[in-house]
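Structure first, then comments.
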Amino acid sequence: MKKILSCIFVAIFVLVMVTGCGGGGEKAQPENGVSQQESDNQQAEESSKNVDTDSLGDKLASTYIAMMKDEKYLMKYKASLDMEGQQVEMEATVAVKGDDTAIISKGAGMESTMIFKDDTMYMVDHGAKSVLVMAQTDKVEDETINTEGITYVGSGKEGGLTYEEYSTEDGTLKYYFDGKKLVKITADIAGLTTTMEILEMSNQVPDSLFEIPAGYEKIAM
């Protein structure tokens, strides 16, 4: 859970840097072969069996929180960030498998790929066919979003959807459901409100997402 929000905020930060806080990002086309929501829900339930979520009882969000804590999931979403009155919009894919993480974010006609593995961050520029290579430092770890000790606050109805609200040491999270289907997450962390429209969530994570493109120039920082 800690890693997923860290990845989301890193992806949004990179998009802000390359677009100058511009809104109205270009929408990415759906990829072939994405799993259907029913399959995603079944995979989420299977994953939750391996993670202790007893403290959440039968809450709707428990299976998804379990997937995140299990550190093996693929999450695709559209997001908007309210930053000082300006809307930053993006579409992103976050893949996590153990210690490896990949983030592909698209917005304003631009695409950013970040891969974290072997204590190294790789920022891939497909246009320039180059890879910026940086060691992950203690400072980066210290700036991650701490969501350990997530606590259920309450539930309600909003916009025709059922939501469950949770508190963390850094802010609040709201999970929105259409029936039992997770359709949206809002995070209010460190004064920033992020809304994520969930397109897909699954525990099927291709290894290819963590591969550095062959033939690209590597630039060490």
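FYI, the numbering for the sequence shown is 1 to 221, going by UniProt numbering.
Virtual Cβ for every residue (Gly too), placed ideally from N, Cα, C.
Just so you know, these numbers come straight off a predicted model, no measurement behind them.
Integer Cβ distance of residue 155 from residue 163, believed to fall under 8 Å | Indexing the sequence shown from 1 puts residue 155 at position 155. Indexing the sequence shown from 1 puts residue 163 at position 163. About 6 Å separates the beta carbon of residue 155 from that of residue 163, a gap short enough to meet the 8 Å contact definition.
Using the Cα positions of residue 100 and residue 194, report the straight-line distance between them to the nearest angstrom.
-> For the purposes of this step, residue 100 is taken as the residue at position 100 of the sequence shown. For the purposes of this step, residue 194 is taken as the residue at position 194 of the sequence shown. Their backbone Cα atoms lie some 24 Å apart in a straight line.
Rounded to a whole number of angstroms, what is the C-alpha to C-alpha distance between residue 97 and residue 73?
-> Here residue 97 is taken as the residue at index 97 of the sequence shown, counted from 1. Here residue 73 is taken as the residue at index 73 of the sequence shown, counted from 1. Straight through space, the alpha carbons of residue 73 and residue 97 are spaced by roughly 7 Å.
Residue 128: buried (16+ other C-beta within 10 angstroms of its C-beta) or exposed?
-> Within the sequence shown, residue 128 is the residue found at index 128, counting from 1. The residue is exposed, with fewer than 16 neighbouring Cβ atoms inside 10 Å.
Does DSSP put residue 67 in a helix, in a strand, or in coil?
-> Position 67 of the sequence shown, counted from the start, is the residue given in the question as residue 67. It is helical.
Whose CA, out of 102, 171 and 106, lies closest to the CA of residue 151?
-> To locate residue 151, count along the sequence shown from 1; it is residue 151. That would be 171, whose Cα lies nearest to the Cα of residue 151.
When 191, 125, 161 and 130 are compared against residue 178, the one with the closest alpha-carbon | By one-based count along the sequence shown, residue 178 stands at place 178. Measuring from the Cα of residue 178, the nearest candidate turns out to be 161.
Taking the alpha-carbon positions, what's the residue 176 to residue 184 distance?
-> As a first step, residue 176 is located in the sequence shown; it is residue number 176 there, counting from the start. As a first step, residue 184 is located in the sequence shown; it is residue number 184 there, counting from the start. When the Cα atoms are used, residue 176 and residue 184 turn out to be separated by approximately 5 Å.
Can you tell me whether residue 85 is buried or exposed, with buried defined as 16 or more other CB within 10 angstroms of its CB?
-> Position 85 of the sequence shown, counted from the start, is the residue given in the question as residue 85. Exposed.
Does the distance from the C-beta atom of residue 241 to that of residue 196 stay below 9 Å?
-> A question about residue 241 goes unanswered here, because the residues of the chain that appear run from 1 up to 221.
Between residue 133 and residue 113, is the Cβ-Cβ spacing less than 9 Å?
-> Taking the first residue of the sequence shown as position 1, residue 133 is located at position 133. Taking the first residue of the sequence shown as position 1, residue 113 is located at position 113. Cβ atoms of residue 133 and residue 113: not closer than 9 Å.
With distances taken from CA atoms, which of 87, 68 and 125 is nearest residue 213?
-> Counted from its first residue, the sequence shown places residue 213 at position 213. Selected option, being the one with the closest Cα: 125.
For residue 58 and residue 104, the rounded distance between their alpha carbons | Here the question's residue 104 lines up with position 104 in the sequence shown. Here the question's residue 58 lines up with position 58 in the sequence shown. Their backbone Cα atoms lie some 32 Å apart in a straight line.
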